[in-house]
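Have a look at the structure below before the remarks.
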Amino acid sequence: MLRVTRVETDGQERTLRRFVYLFVALAVIVLGWALWRVPADGPLEWQGVLLIIYVAALLLSQIKVRIRSTLRGVAPGSAAVLLCVAFGTPAQAILVAAAGTITGEVIRRRDPIKAAFNTSKEVLAAAAAAAVMWGLGFVPVTLADTAPSRGLLVSALIFIVAAVAYAVVDEVVITPVISRASGLTMRQVVTADWDIRLGVRIGGLIAAYVTYLVVLRNDWFLLVLPLFIYAVHLASAMQLRARSEREAWQRLAQATDEFNSVDLDGVLRTAVTRAADLFSVDGIEVEIREPSRLVRGDATGVSYDGPPADAPKADGQAIPIDLATNTDQESLGELRLLLRGEITLSERETYTLSTFAAALCTAIRNASTHAETKRLADSHARAAAIDPLTGLANRRKLLEYSAAVLTETPARGTTALLLIDLNHFKEINDTLGHSAGDQVLREIGTRLADAVQPHDLVARLGGDEFAILLVGLPAPALAVSRAHSLLAALNPPLELDGVRLSIEACGGVAVAPGDCDIEELLRRADVAMYQAKRDGQRVAVFARARDTADVGTLSLAGDLARAIAEDEFVVNFQPIVDLGSGEVIGAEALTRWAHPKRGDLSPAHFLDAVERSGQLSAFADIVLDQALQAAASWREAGFDLVVAVNVSPRSLLDPTFPDSVAARLSARDIPPAQVMVELTETVTLSQLEVVDEVLGRLRELGVQLALDDFGTGYSSLATLARVPVHELKIDRSFVAAMESPTEAAVVRSTIDLGRSLDLLVVAEGVETDQQRARLWELGCPTAQGHLFARPVRPERLLQMLRRGTNGRPGCLAAPLHEAGTVVRIPQSRRSRSNGNQTAEG
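Just so it is clear: in the sequence shown, position 426 is 426 by the UniProt record's numbering, and no numbers are missing.
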């Protein structure tokens, strides 16, 4: 049987009505012929009336199969029709089928057009079965006969052919109607549950033929026919229900298995297409609230995906269910089954829908969580690969991109790296402030980014250092030309807070050989950049002959652990002398590495390896221990000298460093004031909170602080005001060039600055009496250098102190003036003093 519901469009409605009118017209013709033949065939007996009742009853006991919005009834009605043909004329069989169908439709209160179509279908199918049996020579027998008109085998074959004819006409009539009503192809309609329909038809055929043989023996067996056929109907219904439930759970399991995807788009597409097939509906909608989104489609694919407010209106019935699990307090959205007509879901379908919705809810939640996690990961990855100040790539991005590019070389041509460093950038920071410096860096980054080729990469490595990876160069020689072009992009002055600045920079170029990785390329470009700085060039190209790195230097890092364990580091001391009296007031600790194979190495050769090796703390402990041990021996001999110890910049990043100093002072019973920690103002005194904390704790401990190499271009007045130092040390380069008025002015300014801030000033590198006298005239109180003594072992220095000079223990030089001598102070010195002063030698 067919239950066709309202279709989606007027065009489909009109097409369906044409089909119905066509089949009704054919059925009317057949019924007209049957009525014309009735007088000749004679009236129906009581058995015919009974067969009418059976036809109606069998058609009422349908097995319902839903195809989207269309219910298709599968009933063993062919059994009753075949019996009508077997025991009556074709006309009588047609009239019995018509009467039985009309009776059933009236009882079901079917819509007239649907009742007319179903009646027409049964009339045409009965006519086909009767025509086949009549054409094959099957002569209807009376109920009084006791044997078939033909042999048993022949009769069975005729019954089979007639049943096939009935089934073919039945399928031909109903298939196009269901196809137009459901939107499926006719092939899909024919193949839907074909095995169940075939089983019902075979069961009806067997029931009809067995009943035919039994009734030939006794026509009263017609009374028990309903029980036999109803048993066949129950068996078929149970089989259909069991299979339907089994297949439904299998399809549900397959559909939910596909929800394992963590792609939200994939989950929603799968939900739409699989649910449409699983629940045999015309369409599916999935609406989620966060983010607001609606996905609509059917088994063939997605038809809409976007904001719910923009979705076209869905016609027909919608069966909604919340997307929530048993533990959820709030649903994620709603799943809707779309049907063109009114359909009530079975209990099994309702439970399956709930299970599917819960699985979909979990899948959406997992996909959303994964998407958010991936978004955060991508965001962090982008942030980790981008320099926050300039928006350029950072070192990490440069390394990743370069690794990918270098694996494709030489397919992409020559690759080169340009390393750029800004000249005098620190002066901008010191003069205009760090905010202005940041603006300069951003402008530089923008200019470089605008000047490169599409496949090149501009990165800021930190500070005022930029790197540009040049990709796809036709020839290595073009790397230098490109480098000059990029540096030329920095030439135009820029306006900054009303100040017109000209940016100068130098660069180092390294061309990637076939076996070079990015780390080595960076190192080579760095070497070339510093060559450009030293030589005053705009651009320098890496040359292996000028590469200062060698295997021996690299091997030092591997020797450090042994050197520390075997005490290969030796600390010598250079005395610090009062310029006027020649008396030793302190000594600077200078470390050497007594390498068993390479001889004595100065800190310039190994300090960088120490800082990078992780052995810095142990190295600093060795130096401090030896310095304090020397100070203790001098103090025991009666010489309370201040011992100065150079501290690596990285030691100031160690919060435990002051505790280590305090513990060693206590162990040696050395007053903290006898220790001077010398700070080299290169990268040392960064404005990190931990550095300020370490310096503050050292000062609180009583340890004195000295600022070394003051005036070399790294120190600044801002640093001097921030760091609580006790001493300034004038670099030896200024002392050596004091004959120059400029250098003398620098020395004089440093001395005046120290006096104004009540700081001790020490001049380094004093080698002649003239330098000593000149420094004294400028007002410098103390100095160190080869004029007084070279660095020596602590016991040697003790011997020198005991021996003294001119019978004066503790002195390494004669006084500039005899005791009690009145010395005329130079005019330059008097002008800086408050009144006349007397210098005592």
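C-beta atoms are modelled at their ideal positions from N, C-alpha and C, and glycine is treated no differently. On a predicted model such as this, the values are computed, not experimentally measured, just so you know.
Asked                                                                                                                                 : Found
Close Cβ partners of Gln-674 (< 8 angstroms) along its chain, the five nearest in sequence each way excluded                          : Ala-631, Arg-635, Asp-640, Leu-641, Val-642 and Val-643
Cβ neighbour criterion (16 or more within 10 Å) applied to Ser-715                                                                    : Only weak support exists for where Ser-715 lies, its pLDDT of 49 falling under 50; the coordinates are left without a value.
For Lys-729, the first and last residue of its enclosing beta strand (DSSP E)                                                         : 727-730
Which listed residue (Pro-291, Val-295 and Val-281) has its alpha carbon closest to that of Gly-266                                   : Val-295
Touch test, the segment 394-404 against the segment 283-303, Cβ-Cβ under 8 angstroms, three pairs minimum                             : no
Same chain only: Cβ atoms within 7 angstroms of Glu-105, ignoring 5 sequence neighbours per side                                      : Ala-115, Asn-118 and Thr-119
Val-683 - DSSP class collapsed to helix/strand/coil                                                                                   : The predicted model places Val-683 with a pLDDT of 40, which falls under 50 and marks its position as unreliable; any figure quoted below should be read in that light. The answer is coil: DSSP assigns Val-683 none of H, G, I, E or B.
Cβ-based neighbour list, Ala-385, same chain, cut-off 8 angstroms, excluding 5 preceding and 5 following                              : Ala-393, Asn-394, Arg-396, Lys-397 and Glu-400
Rounded straight-line distance, which links the Cα of Leu-469 to that of Pro-388                                                      : 20 angstroms
Leu-775 and Ala-763 closer than 8 angstroms at C-beta                                                                                 : yes
Counted within 10 angstroms of its Cβ, other Cβ atoms place Pro-655 as buried (16 or more) or exposed                                 : exposed
Neighbour-count burial assignment, Glu-795, 16 or more Cβ in a 10 Å radius                                                            : exposed
Member of His-424, Arg-289 and Val-262 whose CA lies at the smallest distance from the CA of Lys-374                                  : Val-262
Chain-order list of residues whose beta-carbon lies under 8 angstroms from that of Met-186 (same chain, five-residue window excluded) : Thr-175, Pro-176 and Ser-179
CB contact flag (Val-725, Phe-734, <8 angstroms)                                                                                      : no
Complete runs of the alpha helix (DSSP H) confined to the segment 448-519 [at least 4 residues]                                       : 478-488
Best match in Ala-589, Phe-87 and Arg-365 for proximity to Thr-211 [C-alpha to C-alpha]                                               : Phe-87
Same chain, Cβ closer than 7 angstroms to Val-281, five either side skipped, listed in chain order                                    : Arg-68, Leu-337, Leu-338 and Leu-339
Coil, strand or helix - Ile-444 by DSSP                                                                                               : helix
Straight-line gap, residue 928 to Arg-544 (C-alpha atoms, nearest Å)                                                                  : Nothing about residue 928 can be reported from this structure: the residues present for the chain run from 1 to 841 only.
Host alpha helix (DSSP H) of Pro-741 (start-end)                                                                                      : 741-756
Spatially closest choice to Pro-474 from Thr-591, Ala-416 and His-484, by CA coordinates                                              : Ala-416
Start-end ranges of the alpha helix (DSSP H) lying completely within the segment 616-696, minimum 4 residues                          : 616-636 and 657-668
CB contact flag (Leu-95, Ala-25, <8 angstroms)                                                                                        : no
Neighbourhood of Ala-505 by C-beta distance below 7 angstroms, restricted to the same chain and skipping five residues each side      : Ile-420, Asp-421, Leu-422, Asn-423, Leu-487 and Leu-490
Per-residue burial, residue 843 [other beta carbons within 10 Å of its own, 16 or more giving buried]                                 : The structure shown does not extend to residue 843, since the chain is modelled only from 1 through 841, so no value can be given for it.
Residues near Glu-465 in its chain [Cβ-Cβ closer than 6 angstroms; skip 5 each side]                                                  : Asp-421
Residue(s) in a DSSP beta bridge with Gly-333                                                                                         : Ile-288
Distance, Ala-163 Cα to Val-85 Cα                                                                                                     : 11 angstroms
Bounding residues of the alpha helix (DSSP H) (the contiguous stretch that carries Glu-777)                                           : 769-778
Contacting residues, own chain, Cβ-Cβ under 6 angstroms from Ser-485 (five flanking each side not counted)                            : none
Inter-residue spacing [alpha-carbon to alpha-carbon] between Arg-348 and Ala-130                                                      : 41 angstroms
Supposed contact pair Arg-447 and Thr-390 - C-beta distance, whole angstroms, cut 8 angstroms                                         : At roughly 11 angstroms, the Cβ-Cβ gap does not stay under 8 angstroms, so Thr-390 and Arg-447 are not in contact.
Same chain, Cβ closer than 8 angstroms to Ala-512, neighbours up to 5 away in sequence not counted                                    : Leu-406, Thr-409, Thr-414, Thr-415, Ala-416, Leu-417 and Leu-521
Nearest candidate by alpha-carbon position, reference Leu-579, set Leu-787, Asp-559 and Ile-102                                       : Leu-787
Among Gln-537, Arg-524 and Ala-627, nearest to Phe-569 - alpha-carbon criterion                                                       : Ala-627
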